[in-house]
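One structure is given below, encoded as C-alpha cells.
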Amino acid sequence: MRTSILGHHTAGVSAGPRAIDPECILHGGLLALFGPTGVGKTAVALAVGEGLRAAGREPVIVSADALQVYAGLEILTGVATPAEQERVEHRLVSFLPVSATFSVAQYSDLAHAQIEDLLAEGRTPIVVGGTGLYLRAALAELRLRPQPPADIQARLRSELERDGAPAMHARLAQRAPWAAASIHPADRNRVLRALALHEMGELEPPDGPSALWTAQMRRPTRLIGLVRERSDLYARIDARVEGMVAAGAAAEVRAAQAAGASETARMALGFNELLTGDIAGMQRRTRNYAKRQLTWMRKLAGVEVLNIGARTPQEVARRILSTSAVHTP
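Read in order, the letters of the sequence shown are residues 6 to 334 in the numbering used here.
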C-alpha cells in the first residue's frame, strides 16, 4: 500500500513550524529515502539529518547507489560534496577505484554491516538512493543470484555481437518466457545475464511475490518516496546535467577512462555520452532512467509518497519528522 503524506504544494504557502514526533523513526530502526535522479534526495536527507540531530539523534546517511561507490566519479554520480558531508556523515560513497567491478551482492553485505554497526552504536541510519535494487538490498534480506562465470559471460557476449540483441532475447523467450517478458529486447546486459543464469540453473520461474516488492524489512523502517511533477523533474534533470558538465564531469569521465574504468563503473549515467560530448543524449538517458525509478517506487510496499512541490528541503524534512508512520519487519 502506498500512502501520501504530502500533496501538491503551491508557491508562497508556508508549511509552518512543526514539532518533531519522537516516534517518526523508531529507536532501533531507520529511515529510507527513495526518489528519481534530480528530485532533491541529498538536500532533503541533509535537512532530515540536521533535524534528527537537533532532536538528540545521531544520524548517518548510508548511500544506496550503485555508482556512488566509485572514487573519481563524484560529480557524475552526484555524491554529496565535502561541505555537505561535513553537515551529516555519509557512508558507502567514494571507496572503490574506478577499475573495480562491483555487484549488488557485495553492496548488500556492506550495507547490512554498516546499518547494524550504526544501530549498535545508538545512531540513526538514513538510507538514501535512487537505485531501487540497491535500496532493497540495504533494507531487506534478498536471495541474490550468483555472478555468472567469466567464460559463460564471454561466450554469450560473443554470441550477442554475432547474432544481435533481438535474437538473444528470442532465445531467452524460448528458454525462460517469464524472464523474457520482463526484459526489454534492447536491454543487452539483462538479456545476457538472464541467459547466463538459465544455463547455471539459477533462473527459476517466480512462485509468488518477489522479495523485491514485499513489505518485509530487516529492521523497522520508515520508507519515504520523493516525487515532483514530471515537467519540474525533467527541467531539474536537464539543469543538473548542465551543472555537472560545468563542474567538470567530462574531465572525470576522461580520467576514469584512462584509469581503466570497469564495465560497472561505465554504467554511470552519462559516462559514454560525455566521452563523445553528447550532452543532449545524457539528458535524454537520465530522463528515461527517472521514469524507470518512478516505476520502481510504485511497486515498493509501504512507501509514503511525498510530493516536494515548491517546498524547501527544510520544510520537507519537517513534514517527515512530524509524522509517525513506521514500516516494521
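Where is the CB? At the ideal position from N, CA and C, for every residue including glycine.
Given the structure is predicted, the values throughout are model-derived calculations rather than measurements.
Pairwise C-alpha distance: residue j and residue i
i    : j    : result
T47  : A85  : 7 angstroms
I325 : R224 : 19 angstroms
V67  : L124 : 12 angstroms
E63  : E207 : 41 angstroms
P214 : A88  : The predicted model places P214 with a pLDDT of 44, which falls under 50 and marks its position as unreliable, so this point remains unresolved.
T291 : L311 : 21 angstroms
V18  : A76  : Because V18 sits at a pLDDT of 32, beneath the cut-off of 50, its placement in the model cannot be relied upon, and the following sentence gives the value as read from the coordinates. Distance between the alpha carbons of V18 and A76 is about 41 angstroms.
H189 : A59  : 47 angstroms
P153 : T269 : 15 angstroms
G43  : T281 : 23 angstroms
D122 : L97  : 13 angstroms
E373 : G314 : Any question about residue 373 goes unanswered here, given that the chain covers just 6 to 334.
Q158 : L197 : 7 angstroms
S267 : A105 : 6 angstroms
T300 : Q288 : 19 angstroms
V53  : R128 : 14 angstroms
L238 : R227 : 24 angstroms
G61  : R92  : 15 angstroms
E320 : E166 : 51 angstroms
W183 : E94  : 42 angstroms
H117 : T317 : 31 angstroms
One or two residues paired with residue i in a DSSP bridge
i    : result
V67  : R96, V132
L101 : Y75
Three-state secondary structure assigned by DSSP to residue i
i    : result
L336 : Residue 336 lies beyond the residue range present for the chain, which begins at 6 and ends at 334; the question has no answer from this structure.
I335 : What is shown of the chain runs 6 to 334, which leaves residue 335 out entirely.
A50  : helix
T269 : coil
R259 : helix
P41  : coil
A88  : helix
L57  : helix
A178 : helix
A172 : helix
R62  : coil
L299 : helix
Q288 : helix
R81  : Looking at the sequence shown, residue 81 is not Arg but Leu. In this structure, L81 counts as helix in the three-state DSSP scheme.
Boundaries of the alpha helix (DSSP H) in which residue i is found, first to last residue
i    : result
R224 : R224 -> no alpha helix (DSSP H), and no H or E assigned at all.
L200 : 193-205
D283 : Run containing D283: none; DSSP gives neither H nor E here.
G248 : 235-252
V321 : 318-326
Item checked: Within the stretch 105-170, ranges of the beta strand (DSSP E) (whole runs, at least 3 residues) -> Those beta strand (DSSP E) runs which fall completely within the stretch 105-170 and span 3+ residues are 129-134.
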